[in-house]
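Under the numbering used here, think of the first position of the sequence shown as 831, with each following residue one higher.
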Amino acid sequence: MKKGLLISVIVIGVAALGYTLLNQEKDNNLSDVKSSNQVTPKNTNQNSEKSQGSLEATGDQQQSFPYAILFYLKDQLHQINFESDGFSQPNPVSNPQSAQTIENDKYFTTSVMPKDILNALPISDGMIFYTGLQSNTDPSLWFYIERADEKQEYNVWMYHSDTKKSTLLFNRDTSPNSDFAFKPFAISKDNKTVYLEGLIFDSYDIHKAVYAYNVETKKSTEIPLHAYYSITPVLSPNDRYLTYSAASEPVNVHTTPNQLFIYDLKQKEETRIFSDEKTFIGLEGWIKAQ
């Protein structure tokens, strides 16, 4: 009798232990299922792609960079501000009349070039004036391009209106890229670097490439912008960034720019800060942050 009772107790104990282990396994499996079904929060901001390097650089500069990027979304002015962790979303400008872009180096074509400067420029035989750029920090400093009429030959000059001294920087044969002509579009505050944009004369193809050219060493460096950038970049007031719009497909006369970028000249990084496949983006330039 005692022996039978002992066997019964052992059987009951084993069964209880098995039941406990089975429940624990079910709990563990249930926990695993719950864990595997948890949804990791996604970045809902699909209109902005940010480079970590650019974000760190932007954050470092936050206290000393009181500027924003001004642009049109369809027909309404918006701005994007620099923030410690990247960039703000586009915000409509509440008072468009007060949103004045910060003046950059002055760009001139023949029709608006000051006549006294135009008449004083040394133009080579067989060449005609094409465009010129005046420094903001030294009004006597000019960069200009002359070209052969109906040909692709050209020269890029640096000219000082106060001393009447002119310096040939390069021509087609000695240019950064002989496939293009180059026009100056921005000058660094110390006037040591002029930014150049490649173009093909007498065509819509006027945004081919961007280079930084050191006027002291006469060395150039290509800036690797987005392949489909579609507007002449605008240099930031502190010489740190270029901003520009780009398309999502090869640029032609029907292409619509639908992305906005900056290029960090110090970090050598490009960052897309906004895009909308269905919206035209019209870049205006830099303004004081509001």
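Ideal Cβ placement from N, Cα and C applies to all residues, glycine included.
Nothing here was measured: the structure is a model prediction, and the numbers come from that model.
Buried versus exposed, by CB contacts within 10 Å (16 or more), residue i
{"i": "residue 956", "result": "exposed"}
{"i": "residue 1088", "result": "buried"}
{"i": "residue 985", "result": "buried"}
{"i": "residue 1107", "result": "exposed"}
{"i": "residue 1057", "result": "exposed"}
{"i": "residue 1023", "result": "buried"}
{"i": "residue 990", "result": "exposed"}
{"i": "residue 940", "result": "exposed"}
{"i": "residue 1100", "result": "buried"}
{"i": "residue 1025", "result": "buried"}
Inter-residue spacing [alpha-carbon to alpha-carbon] between residue i and residue j
{"i": "residue 942", "j": "residue 963", "result": "12 angstroms"}
{"i": "residue 1086", "j": "residue 1013", "result": "23 angstroms"}
{"i": "residue 972", "j": "residue 988", "result": "6 angstroms"}
{"i": "residue 912", "j": "residue 979", "result": "45 angstroms"}
{"i": "residue 898", "j": "residue 975", "result": "31 angstroms"}
{"i": "residue 1061", "j": "residue 1090", "result": "10 angstroms"}
{"i": "residue 1111", "j": "residue 1078", "result": "12 angstroms"}
{"i": "residue 1074", "j": "residue 1040", "result": "11 angstroms"}
{"i": "residue 1002", "j": "residue 1031", "result": "12 angstroms"}
{"i": "residue 1063", "j": "residue 1072", "result": "6 angstroms"}
{"i": "residue 998", "j": "residue 1098", "result": "28 angstroms"}
{"i": "residue 1048", "j": "residue 916", "result": "35 angstroms"}
{"i": "residue 967", "j": "residue 1094", "result": "22 angstroms"}
{"i": "residue 922", "j": "residue 908", "result": "4 angstroms"}
{"i": "residue 1116", "j": "residue 1004", "result": "33 angstroms"}
{"i": "residue 903", "j": "residue 995", "result": "44 angstroms"}
{"i": "residue 944", "j": "residue 1009", "result": "31 angstroms"}
{"i": "residue 1113", "j": "residue 1046", "result": "32 angstroms"}
{"i": "residue 983", "j": "residue 954", "result": "12 angstroms"}
{"i": "residue 1043", "j": "residue 1028", "result": "12 angstroms"}
Start and end residues, alpha helix (DSSP H) containing residue i
{"i": "residue 898", "result": "Not the alpha helix (DSSP H): residue 898 falls in the beta strand (DSSP E), residues 897-903."}
{"i": "residue 948", "result": "945-950"}
Helix, strand or coil at residue i according to DSSP, with G and I counted as helix
{"i": "residue 1120", "result": "coil"}
{"i": "residue 922", "result": "strand"}
{"i": "residue 930", "result": "coil"}
{"i": "residue 1001", "result": "strand"}
{"i": "residue 990", "result": "strand"}
{"i": "residue 942", "result": "coil"}
{"i": "residue 964", "result": "strand"}
{"i": "residue 1101", "result": "strand"}
{"i": "residue 982", "result": "coil"}
{"i": "residue 1010", "result": "coil"}
{"i": "residue 996", "result": "strand"}
{"i": "residue 1086", "result": "coil"}
{"i": "residue 1114", "result": "strand"}
Residue interval of the beta strand (DSSP E) (run including residue i)
{"i": "residue 1079", "result": "Where residue 1079 is concerned, there is no enclosing beta strand (DSSP E), given that its DSSP letter is neither H nor E."}
{"i": "residue 1057", "result": "Note, residue 1057: premise wrong, no beta strand (DSSP E); not H, not E."}
{"i": "residue 1107", "result": "Where residue 1107 is concerned, there is no enclosing beta strand (DSSP E), given that its DSSP letter is neither H nor E."}
{"i": "residue 913", "result": "906-913"}
{"i": "residue 975", "result": "971-978"}
{"i": "residue 1094", "result": "1089-1094"}
8 angstroms Cβ cutoff, residue i in contact with chain B
{"i": "residue 951", "result": "The chain inventory of the structure shown lacks chain B, comprising one protein chain alone."}
### Query
If you scan the segment 1014-1050 from start to end, which runs of the beta strand (DSSP E) of 3 or more residues do you find wholly inside it?
1023-1029 and 1040-1044
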